[in-house]
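Chemist: Pasting a structure below so you can have a look.
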Amino acid sequence: MTEVVVEAREKADLSKLEMLIKRANELKTNIEALARAIESKYSADPRLGSVVKNLLKTMQPPEPPSDQLLSVSNSLEKYVSALEFGVKTLTTYAVTLDELYEDLEKLEREVAELVVWEELLRNLAPHLASEASRLASRAQRLLSQPPLDEPKRALDEVETFLKEVRSHNRVCRTVYTNRLNELLSTVSQLAKTLKRASKVQTPTDAGRLFAYDEALRKLEEKLEEASRRPLEVKLDLVAVKRELESIEREISVLAESALSAEEGSLARELERVARALDTRAVSFMSLVESLSRRSGLPLEKVCYLIYLLEKRGFVALEVRVKV
8 MTEVVVEARE
18 KADLSKLEML
28 IKRANELKTN
38 IEALARAIES
48 KYSADPRLGS
58 VVKNLLKTMQ
68 PPEPPSDQLL
78 SVSNSLEKYV
88 SALEFGVKTL
98 TTYAVTLDEL
108 YEDLEKLERE
118 VAELVVWEEL
128 LRNLAPHLAS
138 EASRLASRAQ
148 RLLSQPPLDE
158 PKRALDEVET
168 FLKEVRSHNR
178 VCRTVYTNRL
188 NELLSTVSQL
198 AKTLKRASKV
208 QTPTDAGRLF
218 AYDEALRKLE
228 EKLEEASRRP
238 LEVKLDLVAV
248 KRELESIERE
258 ISVLAESALS
268 AEEGSLAREL
278 ERVARALDTR
288 AVSFMSLVES
298 LSRRSGLPLE
308 KVCYLIYLLE
318 KRGFVALEVR
328 VKV
């Protein structure tokens, strides 16, 4: 009876050993396949090649038990556990490397945008351009040499920095767009001034007015195109502003040449008030009193000059009467 029990136990131990050996071989094959897949995918990547090389060095499958211990199931169980841990760890690393690769690709695109904003805002918003330059330099260092010791730490660092770069890009885009819209508004205002000047033009002025009209039209087209594709057009808004200021001075001289000193002074004040009010309404009494104080002209004279300026097309007043 004792011999039967011993024989059954030996068969059970042998079956367990066979199962452990089979499992060990499967796990070892899995580790080698994962390692080959990671190496094939990333070893040639200039950013992740070093990470992968170091990783695969530390993730070699453990040595199997010696022949003397092969019959001892406890040693083989420990070997299988080590292999299982290796497969789990390497699988986690493979997923992390995939995420890291995707984030590095996104960061490269964001940095390319950052470099353009640094160029466009250098004279327009120097503080934003300076920060863009700093972030771009830091990004280049991170892209050229991610942290080599731990892919998960590298992933966390890249994700955090990617958010910072994206946030700054959004701020740069907003500031650039706001300045661009201001220039479009200036173009629109100058077009109105040009239209008023054309009503009192002389034959000598006609050619100059046409040239200014063409210049404003081309600038408006450039600004609208830059509004749609700022990073591709790369329009220098500071240069555009200087050009508009030059045109504004020339048009103002032409427009006011047909006005008396008092009319010209009042026309400039009305233009200032119009810009300040935008689309808001103001009472006629408040308008006349304000213009009288700023120009030093009596109320009656201000009313008369407003009438003359509107009649000649230099201003347009919209009146709502309430009783």
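Each residue of the sequence shown is one higher than the one before, starting from 8 at the first, in the working numbering. Beta carbons are placed, not taken as given, at the ideal position from N, Cα and C, and that holds for glycine.
#1: Compute the Euclidean distance between the alpha carbons of R327 and L284, then round it to the nearest angstrom.
#2: Taking only three categories from DSSP, how would you classify R177?
#3: Closest by CA to S144, which one among L244, V118, E166?
#4: Suppose the cutoff is 7 angstroms on Cβ atoms and the five residues either side in sequence are ignored; what does the same chain contact list for L150 look like?
#5: By alpha-carbon positions, which one of A233, Q196, P237 ends up nearest to D220?
#6: For the region 242 to 252 against the region 283 to 302, do three or more pairs of beta-carbon atoms, one drawn from each stretch, fall closer than 8 angstroms, so that the two count as touching?
#7: For V194, collect the residues of the same chain with a Cβ closer than 8 angstroms to its Cβ; drop the 5 residues on either side in sequence, then sort them by chain order.
#8: Quick check: the Cα distance between E46 and L187, rounded to an integer number of angstroms?
#9: Output the distance between the C-alpha atoms of L277 and S267, rounded to the nearest integer angstrom.
#10: Using a Cβ-Cβ cut-off of 6 angstroms (strictly less than) and excluding sequence neighbours within five positions of V322, which residues of its own chain qualify?
#11: Less than 8 angstroms separating the beta-carbons of R203 and G320?
#12: Considering just the uninterrupted stretch of the alpha helix (DSSP H) at Q152, what are its terminal residues?
#13: Along the chain, which unbroken stretches of the beta strand (DSSP E) at least 3 residues long are found entirely within the region 259 to 303?
#14: Using the beta-carbon count (16 or more within 10 Å), is H134 buried or exposed?
#15: Given a threshold of 16 other Cβ atoms within 10 Å of its Cβ, counted over all protein chains shown, does T286 qualify as buried or as exposed?
#16: Identify which residue in E120, V59, L127, E33 has its Cα closest to the Cα of L107.
#17: Quick one, are the C-beta atoms of A101 and L41 less than 8 angstroms apart?
#18: Using only CA atoms, which one of R160, L127, T167 lies nearest to A146?
#19: Residues in its own chain within less than 6 angstroms of S290 by CB, not counting five upstream and five downstream?
#20: Could you give the DSSP three-state label for L77: helix, strand or coil?
#21: Over what stretch of residues does the alpha helix (DSSP H) that includes V309 continue unbroken?
#22: Which value, in whole angstroms, describes the spacing of the CA atoms of L77 and L90?
#23: Report yes if the C-beta distance between L121 and H175 is below 8 angstroms; otherwise report no.
#24: Would you mind working out which of K95, E257, V309, R236 sits nearest A198, comparing C-alpha positions?
#25: Answer yes or no: does any C-beta atom of chain C fall closer than 8 angstroms to that of L294?
#26: So, with DSSP's three-state summary, where would you put D52?
#27: Ignore the nearest five residues each way along the sequence and tell me which others in S140's own chain have a CB closer than 7 angstroms to its CB.
#28: Considering only C-alpha positions, which residue in the set R180, R282, A262, S259 is nearest to E239?
#29: Nearest-angstrom Cα distance between Y183 and S253?
#30: What residue range is occupied by the uninterrupted alpha helix (DSSP H) comprising V3?
#31: How many Å lie between L97 and K170 at the Cα?
#32: Pull up the distance between the alpha-carbon of S137 and that of K159, whole angstroms please.
#33: Could you pull out every residue in the same chain whose Cβ sits closer than 6 angstroms to the Cβ of A132, ignoring the five residues on either side in sequence?
Modeler: Per the coordinate set shown:
#1: 16 angstroms
#2: helix
#3: V118
#4: R54, L111, L114, E115
#5: Q196
#6: no
#7: L223, L226, E227, L230, L251
#8: 49 angstroms
#9: 15 angstroms
#10: L277, L316
#11: yes
#12: First-last for Q152: undefined, no H or E at that position.
#13: none
#14: exposed
#15: exposed
#16: V59
#17: yes
#18: T167
#19: none
#20: Confidence in L77 is poor, its pLDDT being 47 and thus under 50, which makes the residue's placement too unreliable to answer from.
#21: 306 to 318
#22: Summary for L77: the model assigns pLDDT 47, below 50, so the residue's position carries little reliability; its value from the coordinates is reported in the next sentence. Spanning the two alpha carbons is a distance of roughly 16 angstroms.
#23: yes
#24: E257
#25: No chain C appears in the structure shown, which is made up of a single protein chain.
#26: coil
#27: E125
#28: R180
#29: 22 angstroms
#30: The structure shown does not extend to residue 3, since the chain is modelled only from 8 to 330, so the question has no answer here.
#31: 28 angstroms
#32: 30 angstroms
#33: V182
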